[in-house]
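One structure is given here, and the rest of the page talks about it.
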Amino acid sequence: MPQEFLPVLGWGAGIMDFRGKKYERGSNWSDPEVVELLQLWADESVQMELESCLRNQHVFNRIAEVLREKGIHRTGDQCREKIKKMKLEYRRIKDNNKAPRGGRTWKFYEVMDRVLTSRPSIAYSSMMAQQALQGSMMESYHHHFTPSALPFGHSQHPELMEIKCEEVDSEEHCLTPEPPPSMSYQQGSPDEHELERAFLDRAQNDSPISRVEIPIETSVSPSGFSESNMASSSRIQSVGPRPGFSTLHRLRKKRKGQRVKDPLDDLLLKTLTSQRAMEERFLQMEERRLQRDMEVEERRMQLEQRRFELEREHEFRMFNVFAQMLSILKQNNSSSSSSVALPRGLDFIQVLSDITGMGGGGGGLQDARAMQLGRPLSERRTDMHSFCNPGEFQGSPFLSARGNIANIFRGTTEEGYKAYHADKYDEDKNPNGIINFGTSENKLCFDLMSKRLTQSDMNIMEPPLLQYPDWKGHMFLREEVARFLTYYCKAPAPLKAENVIVLNGCGSLFSALATVLCDPGEAVLIATPFYGGITQSVFLYGNIKLVYAYLDSKITGTSTRPFQLTVDKLEKALQDARSEGISVKALILLNPQNPLGDLYSLSELWDYLEFAKRHELHVIVDEIYMLSVFDESATFHSVLGMDRLPDPQRTHVMWGISKDFAVSGIRFGTLYTENQDVANAVASLCYFHGVCGPVQHKVAQLLRDRDWINQVYLRANHARLKAAHTYVTDELKTLGVPFLNRNAGFFVWIDFRKYLRTGTFEEEVLLWRRFLDNKVLLSCGKAFECSEPGWFRIIFADKTHRLQLGMQRIRRVLEEREREILSEDKDHPCQSDQDGKADSTDEVIFVSHHQEPGSTGGSNLGDLIGLLQQQMRSSDWLQKNTVEQFAQEKPEIYDVFSKLVGKQ
Numbered sequence: 000m001p002q003e004f005l006p007v008l009g010w011g012a013g014i015m016d017f018r019g020k021k022y023e024r025g026s027n028w029s030d031p032e033v034v035e036l037l038q039l040w041a042d043e044s045v046q047m048e049l050e051s052c053l054r055n056q057h058v059f060n061r062i063a064e065v066l067r068e069k070g071i072h073r074t075g076d077q078c079r080e081k082i083k084k085m086k087l088e089y090r091r092i093k094d095n096n097k098a099p100r101g102g103r104t105w106k107f108y109e110v111m112d113r114v115l116t117s118r119p120s121i122a123y124s125s126m127m128a129q130q131a132l133q134g135s136m137m138e139s140y141h142h143h144f145t146p147s148a149l150p151f152g153h154s155q156h157p158e159l160m161e162i163k164c165e166e167v168d169s170e171e172h173c174l175t176p177e178p179p180p181s182m183s184y185q186q187g188s189p190d191e192h193e194l195e196r197a198f199l200d201r202a203q204n205d206s207p208i209s210r211v212e213i214p215i216e217t218s219v220s221p222s223g224f225s226e227s228n229m230a231s232s233s234r235i236q237s238v239g240p241r242p243g244f245s246t247l248h249r250l251r252k253k254r255k256g257q258r259v260k261d262p263l264d265d266l267l268l269k270t271l272t273s274q275r276a277m278e279e280r281f282l283q284m285e286e287r288r289l290q291r292d293m294e295v296e297e298r299r300m301q302l303e304q305r306r307f308e309l310e311r312e313h314e315f316r317m318f319n320v321f322a323q324m325l326s327i328l329k330q331n332n333s334s335s336s337s338s339v340a341l342p343r344g345l346d347f348i349q350v351l352s353d354i355t356g357m358g359g360g361g362g363g364l365q366d367a368r369a370m371q372l373g374r375p376l377s378e379r380r381t382d383m384h385s386f387c388n389p390g391e392f393q394g395s396p397f398l399s400a401r402g403n404i405a406n407i408f409r410g411t412t413e414e415g416y417k418a419y420h421a422d423k424y425d426e427d428k429n430p431n432g433i434i435n436f437g438t439s440e441n442k443l444c445f446d447l448m449s450k451r452l453t454q455s456d457m458n459i460m461e462p463p464l465l466q467y468p469d470w471k472g473h474m475f476l477r478e479e480v481a482r483f484l485t486y487y488c489k490a491p492a493p494l495k496a497e498n499v500i501v502l503n504g505c506g507s508l509f510s511a512l513a514t515v516l517c518d519p520g521e522a523v524l525i526a527t528p529f530y531g532g533i534t535q536s537v538f539l540y541g542n543i544k545l546v547y548a549y550l551d552s553k554i555t556g557t558s559t560r561p562f563q564l565t566v567d568k569l570e571k572a573l574q575d576a577r578s579e580g581i582s583v584k585a586l587i588l589l590n591p592q593n594p595l596g597d598l599y600s601l602s603e604l605w606d607y608l609e610f611a612k613r614h615e616l617h618v619i620v621d622e623i624y625m626l627s628v629f630d631e632s633a634t635f636h637s638v639l640g641m642d643r644l645p646d647p648q649r650t651h652v653m654w655g656i657s658k659d660f661a662v663s664g665i666r667f668g669t670l671y672t673e674n675q676d677v678a679n680a681v682a683s684l685c686y687f688h689g690v691c692g693p694v695q696h697k698v699a700q701l702l703r704d705r706d707w708i709n710q711v712y713l714r715a716n717h718a719r720l721k722a723a724h725t726y727v728t729d730e731l732k733t734l735g736v737p738f739l740n741r742n743a744g745f746f747v748w749i750d751f752r753k754y755l756r757t758g759t760f761e762e763e764v765l766l767w768r769r770f771l772d773n774k775v776l777l778s779c780g781k782a783f784e785c786s787e788p789g790w791f792r793i794i795f796a797d798k799t800h801r802l803q804l805g806m807q808r809i810r811r812v813l814e815e816r817e818r819e820i821l822s823e824d825k826d827h828p829c830q831s832d833q834d835g836k837a838d839s840t841d842e843v844i845f846v847s848h849h850q851e852p853g854s855t856g857g858s859n860l861g862d863l864i865g866l867l868q869q870q871m872r873s874s875d876w877l878q879k880n881t882v883e884q885f886a887q888e889k890p891e892i893y894d895v896f897s898k899l900v901g902k903q
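Put into structure tokens, the structure is as follows:
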């Protein structure tokens, strides 16, 4: 293109970029010019300086000056642009292993390769030092630069400073003595520069620690480099210094010089930094100390409150014993003229309610249950729910009689479950929360079940699933349940779908069956200990009582294992109930047994069913753990797998997926009965306990996948259950705690009786609360209506890290409890109540010298006197509470006792 057209097109010495700024391009270099440029650029000192600083425009400016001495008129930007293009060409050829465009060998490749591959490496510390000194070097260069300062050793001639320049607005290019246009742009407004100068003036008297670098707004230069890299060249090329510019540079030079030259600054900086870190560390330690003090104080207050509650409970217990003694004395002497007559209208339960301020509210249930503890087991067996008579409580005016009963019906199971949900353990969010070893859930197979329940065959939505079904359940589900139970229960003949009923859980099945089999006030026979949720299921809806056949840990008569259920015990419980006018209509069997883990043999099942047939009792068999037998040496026998049944029309079997398939959140239970009257009656109640259509579809798909159940799920589930059971039982053996070693279910039945101060259920509840206070939830024997205080159920179907942490908390509680008991024994040496404490083997627990639950062993008065003496020996309550103090604190109660004593 002709040279005269360059100004018109904007090429040559200057060109406008998209921001309207003028810059120069390094084009139209001849080979001799490139050779001269490379000779200067390849110099080792130049490479060292280029590598050691980030803002290196001044280096290319000096190269341009040397080139002008040789008659090559180029600017620093043009030199930089040319070197940049040659680097890009070199990298393109080297990366692609190609020749330059045109196919010829690039003549400058070897020179570029030699320079770029042998560049000196600059340490990071050297670069930082160079950056720190750069400002002062540029100032010196600006004011004191001479031609001898160039590293190339050429003299500087003023006439060579004239370079060829092309004006954008001119018609032709010409020679001009003026330097090329400056590439620096003024950053900020005059006000900002005034602020900067004021800041530097203040900072000159401050400590080096308080220096703050003023940020400079950066912009992109036309040559592709940032303004921060071109700051030095901008200062060099500035035309006409602004007012105060030299002063500002001198201040910067002085400050930066001080930063490098004074070694005390670094030492002072390190000292102050260390001091600040130590102060922060001290503050953190002080905060933690204060937090610990607060926690200790809070714990002390809790212990103080707990001590006060224990004293009150013990006081009430002693008062209970006195009142029962007086009542027995009244009964024994009622026929004589000197009989003891209690004041008319004196109700001890009401007195307790008045003392505690509960007045027949929610605490009445707990007080009534406490009253049961002092009564013979024969009386407790048939009268356990008499406290729920609506006339005995003053409930809420907003509720019906049944509503008030449901409102006050609670126990340790509900209390612990509520506390757990308010403070759940979470490894990340709440590591100090409650670990739940009380709720029977399988938490070992979430990975397997979540994967199976999210497969494509589960996510089908058809119109029938969103419509009202048959209340017994969709036929496709009932057919699949019948096939499933036929296979896994090993039924001798295929089970029929019309005998299958589907409800939302086995708890609903218990409620429905109790309602259709019994009238209000009638009873169902069940062996203790048993799953406590059954009490709520059968009582709250139908007001059906439970008659208990008490099992104990002592092996007597025909028993071969602890807590063994025999027909003799069932006969005794049934006859005792009938003798007291209670109509028993059904028998409940749990197989596998919860909480014992026992598996009933075929002969035992036949004996139980024959007993029920003789007395025309319905039999409700709960087999919800039938697939959770994790040891191959143990065999589960289903009632549905028997060749024949003594009374098929009164035999009803239930099962659900919540336990065996580790999905307790999916509410599904099924009933199989051949009695169509029972089936239709239960189906009518399914209106209130139905299962939604999508859940029915998922359950049917799950039960249909027999290969996955057998080959994947059951194998993994049994292996994980066995490993978790082994871990927990090994820990119990290490602690020396007796337990029942069974191979079914998710639980272990543990004997903690040696950790009770006295063999009472009050002490059992105190130990249960001690576990809960230490953030581990167990189930105490009272929740299962166990006849012997001190037995607990622990759930082991949980992840390893939770099992380990939970067992550590249990160990801590037991060790503290043991130390407390030993300390009390030293302070109050007496006959320890060790009867009934168990010894353990690897298989079962053998208990000796334990009194039969139903035996009295003497007169009622003698038993009460012995109990009173034992309470007095094991407590210092009488030493702390004198008669005078009692009279001052409770004058009304003292007056009642005074009148009673005066009449004797």
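Position 191 (the sequence shown) corresponds to 190 in numbering that gives the first Met the number 0; numbering is contiguous. Glycine included, C-beta positions come from ideal geometry on N, C-alpha and C. Model, not experiment: these values are computed from the prediction.
{"Query": "For M653, list the residues DSSP reports as bridge partners.", "Result": "D621 and L670"}
{"Query": "For M307 and L804, I'd like the C-alpha separation in whole angstroms.", "Result": "First, the residue type needs correcting, since residue 307 is Phe and not Met in the sequence shown. Distance between the alpha carbons of F307 and L804 is about 30 Å."}
{"Query": "Would the beta-carbon of W767 fall within 8 Å of that of C785?", "Result": "no"}
{"Query": "Between the region 702–711 and the region 475–483, do at least 3 Cβ pairs fall closer than 8 Å?", "Result": "yes"}
{"Query": "Hey, could you find the ends of the beta strand (DSSP E) F610 is sitting in?", "Result": "From DSSP, F610 is part of no beta strand (DSSP E) but of the alpha helix (DSSP H) over L601 to R613."}
{"Query": "Report the partner residues of W28 according to the DSSP bridge assignment.", "Result": "Looking at the DSSP assignment, W28 forms no beta bridge with any residue, so it has no partner."}
{"Query": "Which stretch, first to last residue, makes up the beta strand (DSSP E) that contains F791?", "Result": "W790 to I794"}
{"Query": "Name the DSSP bridge partner or partners of L776?", "Result": "N435"}
{"Query": "Should M806 be labelled buried (16 or more other beta-carbon atoms within 10 Å of its own) or exposed?", "Result": "buried"}
{"Query": "With DSSP collapsed to three states, give me the class of T527.", "Result": "strand"}
{"Query": "Out of D642, S602 and L564, which has the shortest C-alpha to C-alpha gap to P491?", "Result": "D642"}
{"Query": "Measure the C-alpha to C-alpha separation of P157 and W28 and round it to an integer number of angstroms.", "Result": "Annotation note: pLDDT 38 at P157 (below 50); position unreliable, coordinate value reported separately. Near 23 Å, if we compare the C-alpha coordinates of W28 and P157."}
{"Query": "What are the boundary residues of the beta strand (DSSP E) that includes V546?", "Result": "K544 to Y549"}
{"Query": "Spatial neighbours of V698 within its chain, please: C-beta separation below 7 Å, excluding the five flanking residues on both sides.", "Result": "L476, I656 and F667"}
{"Query": "Please state whether DSSP places V65 in a helix, a strand or coil.", "Result": "helix"}
{"Query": "So is E68 in contact with chain D if we call contact Cβ pairs under 8 Å?", "Result": "Protein chain content of the structure displayed is limited to a single chain, and chain D is not contained in it."}
{"Query": "So for A715, helix, strand or coil by DSSP?", "Result": "helix"}
{"Query": "According to DSSP, simplified to helix, strand and coil, what is P890?", "Result": "helix"}
{"Query": "Anyone know if the C-beta pair for L464 and G692 falls short of 8 Å?", "Result": "yes"}
{"Query": "Tell me where the beta strand (DSSP E) around A585 begins and ends.", "Result": "V583 to L589"}
{"Query": "Whose C-beta lies closer than 8 Å to the C-beta of K774 among residues of the same chain, with five residues either side of it excluded?", "Result": "D422, Y424, N431, G432, I433, I434 and R808"}
{"Query": "Which residue wins for smallest C-alpha separation from R599, given the options K781, M85, T565 and H313?", "Result": "Residue 599 is actually Tyr in this sequence, not Arg. Per the Cα distances, T565."}
{"Query": "My guess is that L508 and L670 are in contact by the Cβ rule of under 8 Å, so how many angstroms apart are they, rounded?", "Result": "5 Å"}
{"Query": "Is I820 helix, strand or coil by DSSP?", "Result": "helix"}
{"Query": "Leaving out five residues before and five after C488 in sequence, what residues of the same chain have Cβ atoms less than 6 Å from its Cβ?", "Result": "S637, L639 and G640"}
{"Query": "Roughly how many angstroms separate the alpha carbons of A678 and D597, rounded to a whole number?", "Result": "29 Å"}
{"Query": "With three or more C-beta pairs closer than 8 Å as the rule, is the region 552–562 touching the region 574–584?", "Result": "no"}
{"Query": "Tell me the rounded alpha-carbon separation between K428 and H617.", "Result": "49 Å"}
{"Query": "Would you mind sorting E43 into buried or exposed? The rule is 16 or more other CB atoms within 10 Å of its CB.", "Result": "exposed"}
{"Query": "Apart from the five residues on each side of it in sequence, which residues of its chain come closer than 7 Å, Cβ to Cβ, to L734?", "Result": "R810 and L813"}
{"Query": "Tell me which residues share the same chain as L586 and place their Cβ nearer than 6 Å to its Cβ, disregarding the 5 neighbours each side in the sequence.", "Result": "L524, A611, L616 and V618"}
{"Query": "Run the CB neighbour count on S632, radius 10 Å, all protein chains shown included, and call it buried at 16 or more, exposed below.", "Result": "exposed"}
{"Query": "In angstroms, rounded to a whole number, what distance separates the CA positions of F445 and A276?", "Result": "46 Å"}
{"Query": "With a floor of 4 residues, list each alpha helix (DSSP H) that falls wholly inside the region 668–756, ordered by position along the chain.", "Result": "675–684, 692–703 and 713–734"}
{"Query": "Going by the CB atoms, is the gap between F760 and F791 shorter than 8 Å?", "Result": "no"}
{"Query": "Which same chain residues end up closer than 8 Å to P493 when comparing Cβ atoms and leaving out the 5 residues on each side of it in sequence?", "Result": "A481, R482 and T485"}
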